[in-house]
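Engineer: Structure in C-alpha cells, see below.
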Amino acid sequence: MANAVERVAVLGGRGMLGSEVGAVLRAAGYAVRSYDLPECDVTVPSALEAALAGVTAVVNCAAFTAVDAAESQASRAMAVNAEAPGVLGRLAARRGIYVLHVSTDFVFDGALDRPYREDDEARPLNVYGASKLAGERALAAAGGAQATVRVQWTYGAAGANFVSRFLERASSTTDLMMVADQVGAPTWTGDVAAALAHLLARRATGLFHYAAAGAATRYEVAAAILALRGLYGRRLEACRTADFPAAARRPLNSRFDCSRIDAMGVPARPPWREALARFLETTA
Ligand SMILES: NC(=O)c1ccc[n+]([C@@H]2O[C@H](COP(=O)([O-])OP(=O)(O)OC[C@H]3O[C@@H](n4cnc5c(N)ncnc54)[C@H](OP(=O)(O)O)[C@@H]3O)[C@@H](O)[C@H]2O)c1
C-alpha cells in the first residue's frame, strides 16, 4: 500500500494512458497532480520545474503520439519525445525525484521472428520511433532513479486508438479490411497503469516491456472486436500493410518478451482477449 502522503506528478495526465495512471495512483492513496497541455508543456523547462515542485516521483505519459504526422513534424516530435525526457531526467535527478517514463514497441523494426526483449537492438522505422528511442536514451543518460516501460497497441477510454477507430468504422460500414501481417498484443491502459503503479511503489529501475499476454494479428483483434460486440453482419477482409502505404512505416512484429517485468511481480498480465472483452463491456 502506498504511503498516503507521497506526491506524484503525472505528465500527459489527460491523455489516454495518463488519465488511467492518475486514477490508479489516486486509488492507491497517492496525492496525484496531473498535468497536460496547455498548462504544462514538457518542452518548456520551467513548466517541468513547476510540475516537479514538492513531488517524490513523476510519471511521464506526455508524448507526441501522432505517428504519421511525426514524419512531417519531426522537430516537434523530437522536442516532446526525445529532448523533454532528457531535461526531465536531469531536473529530477538533481532533486532526488524518481522518474517513470513510457515508451513504445516502435523503437524496433519488427524484423525479428520472436518476441522482443529489452536488450534487443532498437532500429526504428519512423520518426516517432526514433524520437521515442532518443527519449529513452536521454533519460537514461540523465542519471538518477528511473525506469522506462515500453508498451504497445494500447487502448483505453480516453482517446482514439485502434479499438475505438475500428468500432467507429464498423458502425458506419459493413465491409471492413484489416492488416493480417502486423502481430502484437492489444493492451488495456488500465492494466498498464496498474503495472506502472507497482513499479513506482518499488522504485524499480531500468528498461521494461509490458503487453497483455498472448499475441494476435490486427485482423484477429478486429475479428474479436466484432464477435465481442455481436456485430455479425460485417464482412472482414484480411489485407497486407504494404497495400495501404502510410506516411510512417510500421513494424510487423511488435511482440514483447515481458519476463523482466513479470519478475518484478506486477499484477498478472491478462490474456489480450479477456482484457478486451472486459473493456468492451464497460464502453458504449
Ligand atoms: N497509443 C498507443 O498505441 C501507444 C503505443 C505504444 C506506446 N505509447 C506511449 O504511451 C504513452 C502515452 O500515450 P497515450 O497513448 O496516452 O497517447 P495520448 O493520449 O496522445 O497521450 C499523450 C498526452 O501527452 C500530451 N502532450 C503532447 N505534447 C505534449 C507536450 N509538449 N507537453 C505536455 N503534454 C503533451 C497530449 O496532449 P494533446 O492530446 O493535447 O496532444 C496527450 O494528452 C506515450 O509515451 C506513447 O508514446 C502509446
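Each number in my numbering comes from the position in the sequence shown (counting from 1) with 2 added on.
The C-beta atom is built at its ideal place from N, Cα and C for all residues, glycine as well.
Considering Cα atoms alone, identify which of L282, A206 and R257 is closest to F110.
Structural biologist: Along the sequence shown, read from residue 1 onward, the residue named residue 110 stands at position 108. Closest in alpha carbon position to F110, among L282, A206 and R257, is R257.
Engineer: Given a threshold of 16 other Cβ atoms within 10 Å of its Cβ, counted over all protein chains shown, does S105 qualify as buried or as exposed?
Structural biologist: Here residue 105 refers to the residue found at position 103 of the sequence shown. Under this definition S105 is a buried residue.
Engineer: Do L38 and ligand 1 come close, with the Cβ less than 7 Å from some heavy atom?
Structural biologist: As a first step, residue 38 is located in the sequence shown; it is residue number 36 there, counting from the start. In the sequence on display, residue 38 carries Asp and not Leu. True, at least one ligand heavy atom lies under 7 Å from that Cβ.
Engineer: Taking the alpha carbon of D193 as the reference point, which residue from E138, A182 and Y212 has its own alpha carbon closest?
Structural biologist: Here residue 193 refers to the residue found at position 191 when the sequence shown is read from its first residue. It is Y212.
Engineer: Under the rule that 16 or more other beta-carbon atoms within 10 Å means buried, what is E22, buried or exposed?
Structural biologist: Walking along the sequence shown from the start, residue 22 turns up at place 20. Result: buried.
Engineer: Given a cut-off of 8 Å, decide if R237 and L2 are closer than it, judged by their beta-carbon atoms.
Structural biologist: In the structure as shown, the chain begins at 3 and stops at 286. Residue 2 is therefore absent and cannot be evaluated.
Engineer: State yes or no: is the C-beta of A290 within less than 8 Å of the C-beta of V129?
Structural biologist: Here the chain covers residues 3 to 286 and nothing more, so residue 290 does not appear.
Engineer: If you draw a straight line from the C-alpha of A140 to the C-alpha of P87, how long is it?
Structural biologist: As a first step, residue 140 is located in the sequence shown; it is residue number 138 there, counting from the start. As a first step, residue 87 is located in the sequence shown; it is residue number 85 there, counting from the start. About 6 Å.
Engineer: For A248, which option in A225, R97 and D70 has the closest C-alpha, if you only look at C-alpha atoms?
Structural biologist: As a working mapping, residue 248 is identified with position 246 in the sequence shown. Selected option, being the one with the closest Cα: D70.
Engineer: What does A218 pair with, by DSSP beta-bridge criteria?
Structural biologist: Position 216 of the sequence shown, counted from the first residue, corresponds to residue 218. Beta-bridge pairing links A218 to G186.
Engineer: Note the first and the last residue of the continuous beta strand (DSSP E) segment covering G208.
Structural biologist: Taking the first residue of the sequence shown as position 1, residue 208 is located at position 206. G208 to H211 is the span of the beta strand (DSSP E), which, as asked, contains G208.
Engineer: For ligand 1, I want to know if C260 counts as a neighbour, meaning its beta carbon is within less than 7 Å of at least one of the ligand's heavy atoms.
Structural biologist: The residue labelled residue 260 in the question sits at position 258 within the sequence shown. Checking every heavy atom of ligand 1 against the Cβ of C260, none is found closer than 7 Å.
Engineer: Give a yes or no on contact between the region 148–163 and the region 8–25, applying the rule of three or more CB pairs nearer than 8 Å.
Structural biologist: Note that the region 148–163 touches the region 8–25; at least 3 beta-carbon pairs, one per stretch, sit closer than 8 Å.
Engineer: Can you grab the Cα-Cα spacing for the pair A52 / S133, in whole Å?
Structural biologist: The residue labelled residue 52 in the question sits at position 50 within the sequence shown. The residue labelled residue 133 in the question sits at position 131 within the sequence shown. Answer to the nearest angstrom: the Cα atoms are 24 Å apart.
Engineer: Could you check what DSSP says for D70 in three-state terms: helix, strand or coil?
Structural biologist: Walking along the sequence shown from the start, residue 70 turns up at place 68. Of the three classes helix, strand and coil, the one that applies to D70 here is coil, per DSSP.
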